[in-house]
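Note sheet for the following structure.
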Amino acid sequence: MKRFLPWLVPITILLIGVPALLMLKVVAFAKIAGVIMVVLTTVAIRFWLHSANKLRTKGVKVKFTVNERYFLNEYFPLYKSLPPKDRNTLEEKAGLLLAEIAFDRFDRKDAGKDECLALAMLLAVVVYSLPYKNALGKIVVFKEDSAPEIAFQGQQPVLFVSEKALKDKLIQLKQLDSASDGNDQLEQILVEFYSI
Numbered sequence: 015m016k017r018f019l020p021w022l023v024p025i026t027i028l029l030i031g032v033p034a035l036l037m038l039k040v041v042a043f044a045k046i047a048g049v050i051m052v053v054l055t056t057v058a059i060r061f062w063l064h065s066a067n068k069l070r071t072k073g074v075k076v077k078f079t080v081n082e083r084y085f086l087n088e089y090f091p092l093y094k095s096l097p098p099k100d101r102n103t104l105e106e107k108a109g110l111l112l113a114e115i116a117f118d119r120f121d122r123k124d125a126g127k128d129e130c131l132a133l134a135m136l137l138a139v140v141v142y143s144l145p146y147k148n149a150l151g152k153i154v155v156f157k158e159d160s161a162p163e164i165a166f167q168g169q170q171p172v173l174f175v176s177e178k179a180l181k182d183k184l185i186q187l188k189q190l191d192s193a194s195d196g197n198d199q200l201e202q203i204l205v206e207f208y209s210i
């Protein structure tokens with residue numbers, strides 16, 4: 015509310031002042047005050063809409079519930095051992111990825127919540143030290159018994175990955191920086207997918 019006060023105070027004063035000037039029979043000043051009020055109100059509304067649009071498109075993310083945290087405690091031992099600050103950072107990055115990436119299954123069934131969460135969390139761990147990069151337009155397709163690979167559907171990158179491989183990798187991770195050694199094929203594919 016404080017950021018709107020510089021706009022609201024003059025608009026309110028002019029709104030009260032125009033009828034007062036008309037009652038005092040100072041029509042010329044009332045007209046000028048009315049024009050200034052209309053222009054100021056128009057500029058203020060444009061400013062507020064611009065600010066609202068910036069806030070709306072920035073940082074849309076999925077919030078983790080008790081169920082998601084239970085899944086992470088079961089399949090992701092590192093998650094339990096992290097300090098709260100690192101856990102919150104990891105959840106925030108994974109929540110952004112969940113909101114932006116499109117998920118599908120190769121067998122045409124609906125993608126399950128657990129597999130989507132496993133991919134987002136693993137991807138967040140692998141790129142933990144990197145600055146966040148927008149993932150809109152990226153697609154993940156869960157395909158059982160296949161090595162991870164990246165293909166393109168037009169301009170959109172598509173990652174084919176197995177849910178079992180994701181969960182196995184989550185169980186193996188022992189620290190946040192262990193994903194940066196670059197020796198694991200799944201990690202390399204995830205970093206490449208993130209960087210596209």
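Quick note on the working numbering: the sequence shown kicks off at 15 and runs consecutively. All C-beta atoms in this analysis are idealised placements derived from N, C-alpha and C, irrespective of residue type, glycine included.
task = Specify, as a first and last residue, the run of the beta strand (DSSP E) that D124 falls within.
result = First-last for D124: undefined, no H or E at that position.
request  = Give me the Cβ distance between E114 and N148, rounded to the nearest whole Å; I'm assuming they're in contact under 8 Å.
outcome  = Right, their Cβ atoms sit about 7 Å apart.
Close beta carbons around A179, own chain, < 8 Å, minus the five adjacent residues each side = In chain order, P162, L200 place their CB closer than 8 Å to the CB of A179, counting only its own chain and leaving out the 5 sequence neighbours on each side.
key: In DSSP terms, what Q170 is bridged to   = The secondary-structure analysis by DSSP pairs Q170 across a beta bridge with Q167.
request  = Assign F90 to one of three DSSP states: helix, strand, or coil.
outcome  = DSSP places F90 in coil when its eight states are reduced to three.
ask   = Should E105 be labelled buried (16 or more other beta-carbon atoms within 10 Å of its own) or exposed?
value = It counts as buried.
Member of V139, L36, R119, V49 whose CA lies at the smallest distance from the CA of V205 = V139 is the residue among V139, L36, R119, V49 whose C-alpha sits nearest the C-alpha of V205.
key: Three-state secondary structure (DSSP) of A149   = A149: coil per DSSP, three-state reduction.
task = Using three-state DSSP, classify A47 as helix, strand or coil.
result = The answer is helix: DSSP assigns A47 an H, G or I state.
task = For V141, count neighbouring Cβ atoms within 10 angstroms of its own Cβ and tell me buried if that reaches 16, exposed if not.
result = V141 sits buried, since 16 or more C-beta atoms from the chains shown fall within 10 Å of its C-beta.
ask   = So the alpha helix (DSSP H) S209 belongs to, where does it begin and stop?
value = For S209, the enclosing alpha helix (DSSP H) begins and ends at 199–209.
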